[in-house]
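Protein chains in written order, with our numbering: chain E, 7 to 358; chain Y, 7 to 358; chain X, 7 to 358. C-beta atoms are modelled at their ideal positions from N, C-alpha and C, and glycine is treated no differently.
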């Protein structure tokens with residue numbers, strides 16, 4: 007298990023805005039789940055079942071709510087809060103041990119002589135940095151990552167191992183690019199010619215703002231003209247595809263395996279769930295939400311929630327899904343009704 | 007074509023539990039398809055069409071069934087079995103030539119002095135191994151693969167080229183990790199704050215059992231607390247996403263481009279087909295089957311087969327799909343019925 | 007921004023088959039979008055809105071149509087053409103500056119002594135080339151790319167950084183393989199045994215034709231027997247999965263995140279859109295089109311367009327989608343009709 011920062015139970019309770027019942031001088035070595043707990047661990051519980059599991063674990067302390075802990079008798083130390091989600095976040099932050107990247111350039115790294123390097127930079131084994139790159143202070147580029155020519159990368163940004171950044175890409179400060187992601191490959195565009203499909207030249211690039219995270223093995227293609235843009239604060243999960251000339255606003259969340267085709271425009275604060283696909287040239291308004299696996303082929307208004315294929319307002323889609331559920335029975339009712347009406351007609355005809 | 011291990015036709019027939027008709031002293035150099043066959047190849051056929059193609063190829067021998075070969079007149083040697091699938095597997099195993107990884111550490115590899123190395127280890131060019139790693143016997147880590155600090159990797163495991171393993175990950179024995187896969191990146195979790203989306207610290211790790219295969223460019227994220235767990239014998243295809251705190255049982259099959267969101271629990275022997283998505287916190291019971299492209303948003307009972315979005319029992323879904331197929335016609339019938347009923351009403355009103 | 011090749015406005019207009027209005031001796035440094043334009047840029051516009059934006063930008067020249075420019079009064083130089091898409095392609099080609107890969111082998115590259123190297127080859131830092139490889143003239147293999155043993159790669163082909171090519175793979179001439187793609191990993195096939203899932207040995211390989219592009223982080227698995235084949239001129243986007251023994255024809259387009267399961271056969275000139283999935287052993291005829299997110303579980307005839315899951319002819323699917331839209335209302339109409347018929351029956355019964 008990764009190293010954590012030990013906490014004293016009383017001070018931790020204060021930090022978590024929690025009431026402590028039991029020993030306030032406990033040294034807690036780590037915050038974990040019951041199955042990995044030791045006698046110096048803290049665990050947490052948000053249900054009676056989880057609390058029972060926690061009580062049966064070796065853990066010294068349990069973070070939970072006053073209501074759940076109400077009738078509990080235990081030797082373990084309890085930290086109680088009504089705002090468990092916030093306390094979980096704060097506890098994780100307290101115990102979190104950040105590896106420090108030493109300010110060194112590994113002798114096996116190949117850094118072009120024309121690159122401008124900021125202060126306190128960490129460059130790992132086998133990294134390559136192209137000509138005329140500008141690298142900010144205190145950034146870390148881990149083993150095997152490739153940065154092309156003419157790239158700019160902001161301060162405190164981390165490029166994990168085996169990342170590939172093509173030429174002339176700009177990446178902001180305080181970003182995290184996970185292993186295997188590829189930034190700036192030529193977009194996918196071809197024109198039919200008598201000699202086959204000819205690639206459209208890509209003259210543009212990729213510009214990534216500050217505080218952007220890019221997940222493992224995600225791909226962001228360069229623009230045909232201008233730039234593919236990822237706004238500051240936007241978070242991209244693993245295996246996401248961002249096509250050429252996409253323009254994404256600030257503080258968006260794009261979940262794993264989603265795909266945005268070329269020239270998609272996304273506002274601020276948009277949530278695109280896993281495996282969703284957005285067709286080319288579509289605009290998604292700020293604050294909109296796209297459900298998992300949705301296939302969006304038309305514009306989405308700001309604030310709307312869409313789902314399904316083709317994606318439409320979620321409440322409409324849910325009504326349709328409900329209707330489909332009752333469809334097999336409805337078809338039988340229709341058949342029955344046809345028989346009844348036929349009988350009525352026959353009787354009527356008989357009358358006439 | 008890759009090298010294969012030559013076989014003598016008679017001994018091969020014995021190994022495949024097949025009846026041989028023709029030359030039992032043939033030296034067969036390789037087992038291939040008709041289009042790549044030479045005069046020293048064996049091919050196979052499971053249909054009259056494939057048998058005709060095989061007979062027209064240069065191949066010296068054909069593996070097929072007695073029924074298909076019944077009326078065939080040929081100079082080629084025939085190996086006949088009623089259990090063709092088993093014979094195919096056995097033949098592939100017989101001809102399969104495994105590359106041996108020499109027990110050497112390439113001089114360009116960067117292995118931390120604190121790493122504990124087992125016997126007969128192969129470490130390729132440019133590989134990096136972090137501090138305090140524990141590597142089992144006879145494992146192979148190919149060119150450009152990155153292993154972080156504090157990782158444990160079991161005996162006989164193969165990490166192909168350009169794999170990225172983050173710090174403190176545990177990988178069992180006899181595993182195969184294909185190129186480009188990423189193990190242990192921080193999971194995707196953020197909390198909104200006044201200053202934007204703050205990442206949830208990930209204190210946990212990834213634990214992979216024995217005999218696990220991970221496909222090319224697949225991603226397995228580390229846990230927030232505790233561990234993301236992949237049970238022994240589970241096989242993961244290419245471009246699969248496994249989110250933080252996912253817990254997968256033994257001997258599961260997860261096909262290409264499937265995605266499991268955070269905290270999904272999967273039992274033993276589960277089959278998740280290609281491009282399927284499982285929403286966070288869902289539990290999939292042992293032996294269940296999730297169809298391709300299914301979107302699972304609720305728990306799946308052990309042994310059930312589900313499909314569609316939202317995923318439901320496959321037979322229900324199939325009935326719905328059938329109903330939808332007849333829906334355009336049903337709407338016309340409904341319209342017609344409305345006309346008939348209106349006519350009946352008018353006549354009735356006229357009577358009254 | 008990436009470097010571009012400067013153009014003189016008059017000569018450029020001739021090359022684009024455009025009428026020039028304004029200065030035909032302008033030196034235009036780059037072709038870009040209004041937001042990135044400088045006083046020496048050319049931009050383009052295909053709508054009144056875009057034209058207004060272009061006119062408000064610092065750009066010196068605008069490429070647009072005679073109709074859009076009809077009533078415009080401007081100091082900027084205008085290049086006018088009725089075939090804007092063709093002119094855009096030609097303009098991008100004119101300005102496009104191709105980086106040249108110097109004919110050098112980086113001293114940190116590990117090239118096996120038995121590899122046969124063509125003329126003018128570029129091999130970047132940390133690249134590994136296995137035994138008995140045959141590399142064509144003027145190809146470029148960028149930093150950190152791994153080429154296994156016994157591979158053949160044709161002339162002028164580019165392998166971008168961090169590509170992984172397994173043993174015995176054949177890649178044609180004039181191909182582009184983007185970063186992170188993985189060619190030749192073992193396919194995904196297992197047989198159940200009493201001791202768990204046993205992998206099916208993969209004796210085959212991958213053969214890629216000429217002028218094939220493979221997108222970033224895409225995966226093409228090797229065959230069980232024979233070869234997985236990608237026909238010449240076929241273009242594959244990012245994060246695509248191509249299973250073992252797939253056989254793809256010439257000049258196909260396979261868009262991002264599509265997945266082809268094992269032994270799929272695809273004709274020539276097929277278009278498979280983003281996130282579509284093709285089930286194993288399916289055949290797709292030449293010229294067919296598979297819509298985005300479609301799930302193809304049966305053969306598709308040449309020239310057909312299919313969509314949805316399970317994929318069926320697009321016009322049938324569209325009719326179904328329309329029918330589903332009207333389904334909630336139809337169910338109400340059905341309910342109403344049942345009431346009416348019941349009333350008619352009651353009256354009728356009363357009569358009798």
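*asked:* Contact criterion: CB-CB distance below 9 angstroms. Does residue 261(E) meet it with respect to chain Y?
replied: For the purposes of this step, residue 261(E) is taken as the residue at position 255 of the first chain. Output row for residue 261(E): interface = yes.
*Within its chain, find whatever has a CB closer than 6 angstroms to the CB of residue 152(Y); leave out the 5 residues flanking it on each side and keep chain order.*
The residue you call residue 152(Y) lines up with position 146 of the second chain. Excluding positions up to five away in sequence, the list reads 134, 170.
*Going along the region 313-341 of chain E in order, which residues come within less than 9 angstroms of chain X, judged by CB to CB distance?*
315, 316, 318, 322, 325, 326, 328, 329, 330, 332, 333, 336, 339, 340
*Neighbour list for residue 95(X) in chain E, Cβ cutoff strictly below 7 angstroms*: Locating residue 95(X) in the third chain gives position 89, counting from the first residue. Ordered by position in chain E, the residues that pass the 7 angstroms Cβ test against residue 95(X) are 197, 206.
*At which residue ranges does the region 61-123 of chain Y contain complete alpha helix (DSSP H) runs of 4 or more residues, listed in the order of the chain?*
90-101
_Where residue 144(X) meets chain E, residues with beta-carbon distance less than 7 angstroms_ = Along the third chain, read from residue 1 onward, the residue named residue 144(X) stands at position 138. Near residue 144(X) there are no residues of chain E at all, since even the closest Cβ is about 18 angstroms away, more than 7 angstroms.
_Test item: CB-CB of residue 333(Y) and residue 333(E) under 9 angstroms_ = For the purposes of this step, residue 333(Y) is taken as the residue at position 327 of the second chain. For the purposes of this step, residue 333(E) is taken as the residue at position 327 of the first chain. A contact, by the Cβ cut-off of 9 angstroms.
*In terms of residues, what are the limits of the alpha helix (DSSP H) holding residue 203(Y)?*
Residue 203(Y) sits at position 197 when you count from the first residue of the second chain. Not the alpha helix (DSSP H): residue 203(Y) falls in the beta strand (DSSP E), residues 202-205.
*Run down chain E in chain order and give the residues with a C-beta less than 7 angstroms from the C-beta of residue 280(X).*
Residue numbering aside, residue 280(X) sits at position 274 when the third chain is read from its first letter. Result: 265, 267, 283.
*Inspect the beta-carbon positions of residue 184(Y) and residue 191(X) and report whether they are closer than 9 angstroms.*
For the purposes of this step, residue 184(Y) is taken as residue 178 along the second chain, with counting starting at 1. For the purposes of this step, residue 191(X) is taken as residue 185 along the third chain, with counting starting at 1. Taking C-beta atoms as the reference points, residue 184(Y) and residue 191(X) count as a pair closer than 9 angstroms.
*Mind checking the region 145-157 of chain E against chain X and listing, in chain order, the residues whose C-beta falls within less than 9 angstroms of any C-beta there?*
150, 151, 152, 154, 155, 156
*Could you name the residues of the same chain whose beta carbon sits closer than 7 angstroms to that of residue 44(E), not counting the 5 residues immediately before and after it, in chain order?*
The sequence position of residue 44(E) within the first chain is 38, counting from 1. Beyond the five residues adjoining it in sequence on each side, residue 44(E) comes within less than 7 angstroms, by CB distance, of 64 in the same chain, given in chain order.
*At what residues does the beta strand (DSSP E) containing residue 313(Y) begin and finish?*
Stepping through the second chain from its first residue, residue 313(Y) is reached at position 307. That run of the beta strand (DSSP E) goes 311-313.
*Could you work out which residues of chain Y lie near residue 241(E), taking near to mean beta carbons separated by less than 9 angstroms?*
Locating residue 241(E) in the first chain gives position 235, where the first residue counts as 1. Going along chain Y in sequence order, the residues near residue 241(E) (Cβ under 9 angstroms) are 194, 196, 203, 205.
*To the nearest angstrom, report how far apart residue 138(Y) and residue 172(Y) are at their CA atoms.*
Start at 1 with the first residue of the second chain, and residue 138(Y) comes out as number 132. Start at 1 with the first residue of the second chain, and residue 172(Y) comes out as number 166. About 13 angstroms.
*asked:* Taking the straight line between their C-alpha atoms, what separation do you get for residue 343(E) and residue 287(X)?
replied: Position 337 of the first chain holds residue 343(E). Position 281 of the third chain holds residue 287(X). If I take the Cα positions, the gap works out to 43 angstroms.
*Per DSSP, residue 36(E) is paired with what?*
Position 30 of the first chain, counted from the first residue, corresponds to residue 36(E). In the DSSP output, where bridge partners are listed per residue, residue 36(E) has 47(E).
_Distance check for residue 157(Y) and residue 57(Y), CA to CA, integer angstroms please._
Taking the first residue of the second chain as 1, we reach residue 57(Y) at position 51. Taking the first residue of the second chain as 1, we reach residue 157(Y) at position 151. Roughly 51 angstroms between the two C-alpha positions.
*Hey, would you say residue 101(E) sits closer than 9 angstroms to residue 37(E), going by beta carbons?*
Sequence index remark: in the first chain, residue 101(E) carries index 95 (1-based). Sequence index remark: in the first chain, residue 37(E) carries index 31 (1-based). Contact flag set, yes.
_What does the alpha-carbon distance come out to for the pair residue 147(Y) and residue 251(X)?_
Taking the first residue of the second chain as position 1, residue 147(Y) is located at position 141. Taking the first residue of the third chain as position 1, residue 251(X) is located at position 245. Spanning the two alpha carbons is a distance of roughly 27 angstroms.
*Does the Cβ of residue 338(X) have 16 or more other Cβ atoms within 10 Å, making it buried, or fewer, making it exposed?*
Taking the first residue of the third chain as 1, we reach residue 338(X) at position 332. The residue in question, residue 338(X), is exposed, as its Cβ has fewer than 16 Cβ neighbours within 10 Å.
_Residues, ordered as in the chain, of the region 39-72 of chain X that lie near chain E by beta-carbon distance below 7 angstroms_ = 39, 41, 42
*Where residue 75(E) and residue 99(E) are concerned, what is the direct C-alpha to C-alpha distance, given to the nearest angstrom?*
Within the first chain, residue 75(E) is the residue found at index 69, counting from 1. Within the first chain, residue 99(E) is the residue found at index 93, counting from 1. One C-alpha to the other measures close to 24 angstroms.
*asked:* Whether or not the region 309-316 of chain E and the region 281-298 of chain E are in contact is what I'm after, with contact meaning three or more pairs of Cβ atoms, one per stretch, closer than 8 angstroms; do they touch?
replied: Flag = yes, the region 281-298 of chain E and the region 309-316 of chain E touch.
*Classify residue 348(X) as helix, strand or coil using the three-state DSSP reduction.*
By 1-based counting over the third chain, the position of residue 348(X) is 342. Helix at residue 348(X).
_As a quick exercise: from 59(Y), 211(Y), 22(Y), 25(Y), pick the residue whose alpha carbon is nearest that of residue 10(E)._
Residue 10(E) sits at position 4 when you count from the first residue of the first chain. Cα-wise, what sits closest to residue 10(E) is 211(Y).
*Could you give the residue range of the beta strand (DSSP E) that holds residue 361(Y)?*
Nothing about residue 361(Y) can be reported from this structure: the residues present for chain Y run from 7 to 358 only.
*Mind the definition here: the region 190-207 of chain Y touches the region 255-264 of chain Y only if three or more C-beta pairs lie below 8 angstroms; say whether that holds.*
no
*Can you check the region 180-256 of chain X for any beta strand (DSSP E) of at least 3 residues that lies completely inside it and give the ranges in chain order?*
196-199, 202-205, 211-214, 233-236
*Applying the criterion that 16 or more other CB atoms from any shown protein chain within 10 Å of the CB defines a buried residue, is residue 440(E) buried or exposed?*
For chain E, the structure presents residues 7 to 358; residue 440(E) sits outside this window and is missing.
*Say whether chain E places a C-beta atom closer than 9 angstroms to the C-beta of residue 294(X).*
Here the question's residue 294(X) lines up with position 288 in the third chain. Taking Cβ atoms only, chain E never reaches closer than 9 angstroms to residue 294(X), which makes this a no.
*Would residue 178(Y) pass as a contact of residue 215(Y) if the rule is Cβ separation under 9 angstroms?*
The residue you call residue 178(Y) lines up with position 172 of the second chain. The residue you call residue 215(Y) lines up with position 209 of the second chain. Yes, the Cβ-Cβ distance between residue 178(Y) and residue 215(Y) is below 9 angstroms.
*Between residue 60(Y) and residue 49(Y), which are expected to be in contact by the criterion C-beta below 8 angstroms, what is the C-beta distance as a whole number of angstroms?*
In the second chain, counting from the first residue as 1, residue 60(Y) sits at position 54. In the second chain, counting from the first residue as 1, residue 49(Y) sits at position 43. That belief holds up - the Cβ atoms of residue 60(Y) and residue 49(Y) are roughly 5 angstroms apart, short of 8 angstroms.
_Would residue 225(X) and residue 222(Y) qualify as a contact pair, given that the criterion is a beta-carbon distance under 9 angstroms?_
In the third chain, counting from the first residue as 1, residue 225(X) sits at position 219. In the second chain, counting from the first residue as 1, residue 222(Y) sits at position 216. Contact: yes.
*May I ask you to list the residues that DSSP assigns as paired with residue 152(X)?*
Against the third chain, residue 152(X) aligns to sequence position 146. According to DSSP, which records beta bridges pairwise, residue 152(X) is partnered with 134(X), 170(X).
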